[in-house]
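Per our numbering, the sequence shown runs over residues 32 to 224.
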Amino acid sequence: LLVFSTGVAKKLNPEKTSADSLFMLGEKAYLNEEYRLSIYYLDYFVLNYPIRDEVTQAQYYLAYSYFNLKQFSQASVEFEFLYKQFPSSEYTEEAMIKAAQSTFEISEPYHREQVTTLDAERMAERFLEKYPNSQYASQARTLLQKVDDKLAMKELEAAKLYYKFKEYQAAIMSLEYILAEYPNARETNLETN
């Protein structure tokens, strides 16, 4: 299906390619870990053939292609689209946790605002409420641990700043807050104990 000229594979124009061929090309590219090529074909397929039987599988491959390329912002969007548009598909649970993990990956470093980190936390908590016995529940709990570690680290930096400016009571209150709010935060608890 790929056209070869002078030994180099050329991409087929999606507009001139049948739906079956598009899906097949996108799937093959995904399975061969050619994620950019997979996106090229599957994005067109999903947008132009939304009622085809293969659309959920195509959306799954599309989301994972972005995830594997570490394009987490787009991966989050694609995984979220997958679980919201196809809530009864076999990929719903996995897509939901991958959307949360992708969101965490694009969150700011701990010393900046943590709005996106908190979004990832809400997504993981929602996942555990909806699917407490899922095979992906341990991934959700691991993600929540990472969120706690990051948020606790932010608070620890504030406590260190108070200490540096000899605001000892404020430093103590910050440390007590960390221990109460994030008892399982691994990295920070070593420093706060």
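For every residue, glycine included, the Cβ atom is placed at its ideal position computed from N, Cα and C. Treat the numbers as computed from the prediction; the structure is a model and nothing was measured.
C-beta contact flag for residue i and residue j at 8 Å
| i | j | result |
| --- | --- | --- |
| T148 | V178 | yes |
| L62 | D74 | no |
| Y91 | Y122 | yes |
| K191 | Y141 | no |
| A106 | S133 | yes |
| E85 | F117 | no |
| A216 | A183 | yes |
| F103 | A126 | no |
| S165 | E124 | yes |
Minimum Cβ-Cβ distance from residue i to chain D less than 8 Å
| i | result |
| --- | --- |
| L206 | Reference to chain D is not applicable here, since this structure consists of a single protein chain. |
Host alpha helix (DSSP H) of residue i (start-end)
| i | result |
| --- | --- |
| D150 | 146 to 161 |
| Q170 | 168 to 195 |
| N99 | 86 to 99 |
| E125 | 123 to 136 |
| E198 | E198 -> no alpha helix (DSSP H), and no H or E assigned at all. |
| Y66 | 66 to 79 |
Nearest residue (CA-CA) to residue i, options the options
| i | options | result |
| --- | --- | --- |
| Y95 | K115, E64, L78, I82 | E64 |
| F158 | T87, Y114, I128 | I128 |
| E46 | Y61, V77, F196, R67 | V77 |
| Q176 | K195, A151, A202, T48 | A151 |
| Y167 | F112, L210, A130 | A130 |
| Y80 | K161, K41, T48, S205 | T48 |
| L210 | E198, Y194, E186 | E186 |
| S52 | Y66, R67, R83 | R83 |
| T173 | S205, Y208, F135, E212 | F135 |
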